[in-house]
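Below: one structure, written as structure tokens.
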Amino acid sequence: MADLFELLIGKEGDKDYKKKSVIVQGITGKFGSLHTQQMLAYGTNIVAGVTPGKGGQKFEGVPIYENMKDAVSANWLQKFQ
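Under the working numbering, the first residue of the sequence shown is numbered 368, with each subsequent residue one higher.
This is the structure in structure tokens:
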């Protein structure tokens with residue numbers, strides 16, 4: 368069984384350790400916000416969150432987008448800058 372934390376941050380020693388990009392759907396909701404705070408505390412690289420109606424805001428420093436398409440598009444471009 369895969370370790371959830373290895374899925375979120377990778378294995379120590381891997382070239383992408385703590386660099387895997389994570390987008391949280393429902394980041395401002397009751398459970399999304401709780402788990403986002405816990406993942407950030409653990410060192411997960413959360414690059415964006417999605418909550419319809421809250422695009423343009425931030426949660427715990429993480430930019431929020433209106434939909435997944437916008438979140439993925441914005442973060443896909445950052446990889447090449």
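We treat Cβ as the ideally placed atom computed from N, Cα and C, and that holds for glycine. All values derive from a computational prediction rather than experimental measurement.
Span separating the alpha-carbon of tyrosine 409 from that of valine 429 | Locating residue 409 in the sequence shown gives position 42, where the first residue counts as 1. Locating residue 429 in the sequence shown gives position 62, where the first residue counts as 1. When rounded, the distance between both Cα atoms is 15 Å.
Selection from Thr395, Gly423 and Thr411 that minimises the alpha carbon distance to glutamate 379 = The count along the sequence shown starts at 1 and reaches residue 379 at position 12. Checked all of Thr395, Gly423 and Thr411; the closest Cα to glutamate 379 is Thr411.
For phenylalanine 426, count neighbouring Cβ atoms within 10 angstroms of its own Cβ and tell me buried if that reaches 16, exposed if not.
-> Taking the first residue of the sequence shown as position 1, residue 426 is located at position 59. It counts as buried.
By Cβ distance, which residues of its chain are closer than 7 Å to lysine 413, with the 5 residues on each side in sequence left out?
-> Your numbering for residue 413 matches position 46 in the sequence shown. For the sequence presented, residue 413 should be read as isoleucine rather than lysine. If we look at isoleucine 413 and ignore the five residues flanking it on each side, its Cβ neighbours are Val389, Val391, Thr403, Met406, Leu407 and Val429.
By how many angstroms is the C-alpha of phenylalanine 398 removed from the C-alpha of asparagine 442?
-> Here residue 442 is taken as the residue at index 75 of the sequence shown, counted from 1. Here residue 398 is taken as the residue at index 31 of the sequence shown, counted from 1. Roughly 23 Å separates the two Cα atoms.
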